[in-house]
Structure formats: structure tokens, C-alpha cells
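Numbering (my numbering), first residue to last: 4 to 255.
Structure representation (C-alpha cells):
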């Protein structure tokens, strides 16, 4: 179903849904109106959308974004003024424009100049470029947080600048950057819902299709929100465990 048609259906059905749900918020009335069979039938399909779409899309985009982020961070730290300018311009453009606009420019805009990209690659490209712009500043700050003495010690034992960066500086910067980068990944998981607007089948897209068929928009969207929340809870718990393990190797 085309996006304008879906939006029109949502707009037409929303008042009726609200009138159905809101009066039942009194004690004992809300749960009785929930279509539990629909919830049980739709949950596996929506969850499968997360497994097949949301999580792989977020993971691939994050990996691509981190590759971009490290490159941009190194440009920002370069002694070359042109390189620093390129890195600064990239970060400014990415952080200064909405992710939805970036996604639409890649999927809907590029075909106007003869470059057609399928929905999945378009989503991965857009999310990777966006993550790269934000994560670049995290990586740059993490590198700058490493004491200057670490560079000097590496030079004393004969390491080149590149070798010192790869063997000494980046491993230490990686530990510092874990908390903010973990938050970036969790935000990315939620942002992947925007991919439904370019017809990528993921968690929210599955919820949209079931809602359009059943006309239970409020119920299905709340169910999708619940699944997003559960995924983020698991990721947050993993982040906490990772941070605890990394703290063991920090000298006090």
C-alpha cells in the first residue's frame, strides 16, 4: 500500500480509535476492550520483523557508521587544514540536517540524477552516514582524552605515528567511547523505524501492515513500541555489563 494511502487511513481511523479507547480508561474497562487474540497473533510477526529487519539494519548501519566515524575523526585531528575542513563540513552537514531528510534524499532524490538504490541499501547508507557524523565527534573526543604521554612513550620506543595510533591510542580511546557509542547504537535501533517510510520491511513496517488490515492502529503501534522498549532494555543491560568488564582493566 502506498504511503499516502496508509497515512490517509490512519488519519481517518484515528478519531474512531481514540473514541473507542479513551472512554475505557476507567478501572476495569481498559483491558476488557483489548483484542488479545490479535495481540497474540501479531506479536510473532512483529518480533520476526525485528529479527529480520530492525536488528540487522541497525547492526550493519552501525558498523558502516563506525568506519566512517573513525575516518572523519582522524580528518578532524589532522594537521592538514584542508582535511580538517572536510571533516568539519561533513559533521556539520550530518548533524545539521534531519535523518528523515537524509533518508529521503538518498532514496527519492538520487533517482532524479540517475542513481537508483534499492530500499535496504538506501536505508543502510543513510543510517551509516548519519551515525558517522555523530560518532565521529565521540571518537575524536575519546582520542583526545588519551594522555599526551602515551604518544610520547610510543615515539620513544620507535613507533611511527600510525603504529602508535593503532596499537596504543585507539585501544584506549575505544574503552572511553563505549558508553556514548552504546547510546548511539540504542538510538539507531529506534531510528530504524524511519526505514518503513521507504518500504523497508522491519519491526514498525510489519506493525503498520497489520494495523492497516485490522484497523487496530492504537493497539498495534503500542505493541510495536513495547517490542522496541524490550529490545532497548536488553541492549542497555548489555551495555552495563560491558562497561563493568572494561572497568576491571582501569588502574585506580
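By construction, the Cβ of each residue, glycine as well, lies at the ideal position given by its N, Cα and C atoms.
Judged by pairs of C-beta atoms under 8 Å, the stretch 77 to 97 does not touch the stretch 106 to 122, as fewer than three such pairs exist. By the Cβ rule, the stretch 156 to 163 does not count as touching the stretch 181 to 193, because fewer than three pairs are nearer than 8 Å.
Excluding the 5 residues flanking it on each side, residue 110 has same chain C-beta neighbours closer than 6 Å at 125 and 201, in chain order. The residue from 213, 92 and 231 with its alpha-carbon nearest to that of residue 53 is 231. Collapsing the DSSP output to three states places residue 121 in coil. By the C-beta criterion, the stretch 88 to 101 is judged not to be in contact with the stretch 220 to 239, since fewer than 3 inter-stretch pairs fall below 8 Å. Inter-residue distance for residue 157 and residue 146 is about 15 Å (C-alpha atoms, whole angstroms). The Cβ atoms of residue 131 and residue 90 lie no closer than 9 Å to each other. The three-state reading of DSSP puts residue 186 in helix, counting H, G and I together. Between residue 48 and residue 209, the gap from beta carbon to beta carbon is short of 9 Å. In this structure, DSSP gives residue 205 a state outside helix and strand, which the three-state scheme calls coil.
For residue 231, the enclosing alpha helix (DSSP H) starts and ends at 220 to 250.
Its chain contains 171 as the residues whose beta carbon lies nearer than 6 Å to that of residue 153, once the 5 sequence neighbours on both sides are disregarded; these appear in chain order. Sorting 41, 60, 71 and 176 by C-alpha distance to the C-alpha of residue 206 places 60 at the top.
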